[in-house]
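Reviewing the structure listed below.
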Amino acid sequence: MRERLLLRLTGILARAALAVAVLLVALWAMLALWYRLPLPEEARLLTAGAFGLLGLVTAVALVRRRATAAGLFALAIAGVFVWWASITPPAEADWSPDVARQVTGTIDGAVLTLTGVRNFDWRSEDDFTPAWETRRYDLDQLRTLDMFMSYWAGPSMAHMILSFGFADGRYLAWSVEVRRRKGGEFSPIADLFKSNTLVLVAAEERDVIGVRTNIRGEDVQRYRLDIPQEMIRALLLQYVADANALAERPTFYNSLTTNCTTTVVRMARALGDVLPSDWRLIVNGYLPEYAYDMGALDDSRPMAELREEARISPRALEAGLTSTFSQDIRRP
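See below:
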């Protein structure tokens, strides 16, 4: 009797787990159809709703030991998967001006030449003077690496930018961004469903940092990373390699798996750096604490003190978006 009850309970739990899995897959398919199906809004809503209803009916049928609906659901989801796999990232589109170009680079000895370095003059979000430039950098003059955290949605979420400093006083900032079309907006949910592509932006700090401190009013913090010189150089070259690869073969941005933090972590791991998985790599507003625990920040001082000192937005607002922006934000 006990074995029968156990067997029956196991069967009930298995059917329940399968029903939950069906509901989750149906939810994913509904969102994918809603965000990516090339139909008018009403048709997308109807299609997504119908798929959700099919998923609900299938889940109930599985709990009641009726497998008929499961076969229909399997065929339907297989069709969605085939359609989903056919969606590829576009190489050309009517891009937003600030992400209109993908930087590319070449290396000749110790000289790095970048084509498409962004150097915009920002007056407001909608009022700016575009400028894309070719720059040359002496890799033997590479000295420092700073991590900028720009908080745009409270203390938990931030946009990360790495900036490489050279002995001649120049800085080269790299930002992993969503390549939006004109009029498009950043949406963490939509960007889980192949809505936008990924772009690597190399820029002047006055541009890519300044637009966040002085134009958008974000809380921007700067942390000097304490990592070996050879790793700094290797990471910069990895940025260049990834930028060249994106120019050849675009890829989709994904809010969870391919974003401003995970992309850089992948680069570092590809170079052999040991970066253990951690919840702060997802909730990246706490990335400075992660770097502190990993020994990449000055651990002779409390983290709270480093946090307070890191805030550069007041200095940036006071100094303005001038040619000395990089020096101004680093003053005590």
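In terms of this note's numbering, the sequence shown is residues 1 to 332. The C-beta atom is built at its ideal place from N, Cα and C for all residues, glycine as well.
Cβ-Cβ separation, residue j to residue i (assumed contact under 8 Å), whole Å
i, j, result
"TYR137", "LEU112", "5 Å"
"ILE77", "VAL25", "6 Å"
"TYR223", "LEU297", "6 Å"
"LEU246", "VAL199", "7 Å"
"ALA203", "ARG118", "4 Å"
"VAL201", "VAL82", "That pair is no contact at about 34 Å."
"LEU142", "ILE232", "6 Å"
"GLU289", "MET303", "6 Å"
"LEU225", "LEU145", "5 Å"
"ARG381", "PHE193", "A question about residue 381 goes unanswered here, because the residues of the chain that appear run from 1 up to 332."
"ILE215", "SER124", "6 Å"
"ILE209", "ALA173", "6 Å"
Opening and closing residue of the beta strand (DSSP E) in which residue i lies
i, result
"ILE312", "Counting along the chain, ILE312 falls outside any beta strand (DSSP E), and DSSP gives it neither H nor E."
"ARG189", "Just to set this straight, residue 189 is Ile in the shown sequence, not Arg. Taken as a continuous stretch (DSSP letters only), ILE189 belongs to no beta strand (DSSP E), as it is neither H nor E."
"GLY105", "104-108"
Where residue i falls: helix, strand or coil (DSSP)
i, result
"PHE51", "helix"
"LEU198", "strand"
"TYR137", "strand"
"GLY184", "coil"
"ASN259", "coil"
"ARG212", "helix"
"VAL99", "helix"
"ILE12", "helix"
"TYR35", "helix"
"ARG222", "strand"
"ARG331", "coil"
Residue range of the alpha helix (DSSP H) that includes residue i
i, result
"GLN327", "325-328"
"LEU235", "229-248"
"ARG64", "ARG64 -> no alpha helix (DSSP H), and no H or E assigned at all."
"GLU205", "205-208"
Own chain residues within Cβ distance below 7 Å of residue i, not counting five before or after
i, result
"PRO97", "PRO130"
"PRO155", "GLY285"
"THR106", "THR113"
"PHE128", "PHE120, ASP121, TRP122"
"ASP219", "TYR151, ARG311, SER313"
"PRO188", "SER255"
"ALA268", "LEU235, LEU275"
"TRP84", "ALA32"
"MET30", "ALA48, PHE51, GLY52"
"LEU18", "LEU62"
"ILE329", "ARG222, ILE312, ARG315, ALA316"
Neighbourhood of residue i by C-beta, 6 Å cutoff - its chain only, sequence neighbours within 5 removed
i, result
"GLY184", "none"
"ALA69", "VAL57, THR58, ALA61"
"THR213", "VAL220, SER313, ALA316"
"LYS182", "ASP94, SER96"
"ARG206", "LEU321, PHE325"
"TYR171", "SER163, GLY165, GLU205, SER326"
"THR263", "VAL176"
"PHE186", "VAL178"
"GLU133", "VAL117, ASN119"
"VAL80", "ALA29"
"ARG15", "LEU62, VAL63"
"ALA22", "The sequence given here places Val at residue 22; Ala does not occur at that position. Excluding positions up to five away in sequence, the list reads GLY55, THR58, ALA59."
Other residues of its chain near residue i: CB distance less than 8 Å, five sequence neighbours each side excluded
i, result
"LEU287", "MET147, MET149, ALA158, MET160, THR261, ARG280, LEU281"
"PRO90", "THR197, PRO250"
"LEU39", "THR47"
"ASP299", "TYR292"
"LEU45", "TRP34"
Fill in: Continuous alpha helix (DSSP H) assignments of at least 4 residues falling wholly in the stretch 272-305
Runs of the alpha helix (DSSP H) inside the stretch 272-305: 287-293.
Discussion item. Please give me, in chain order, every unbroken run of the alpha helix (DSSP H) with length at least 4 that falls completely inside the stretch 113-177.
Written reply: Counting whole runs of 4 or more residues, the stretch 113-177 contains no alpha helix (DSSP H) stretch at all.
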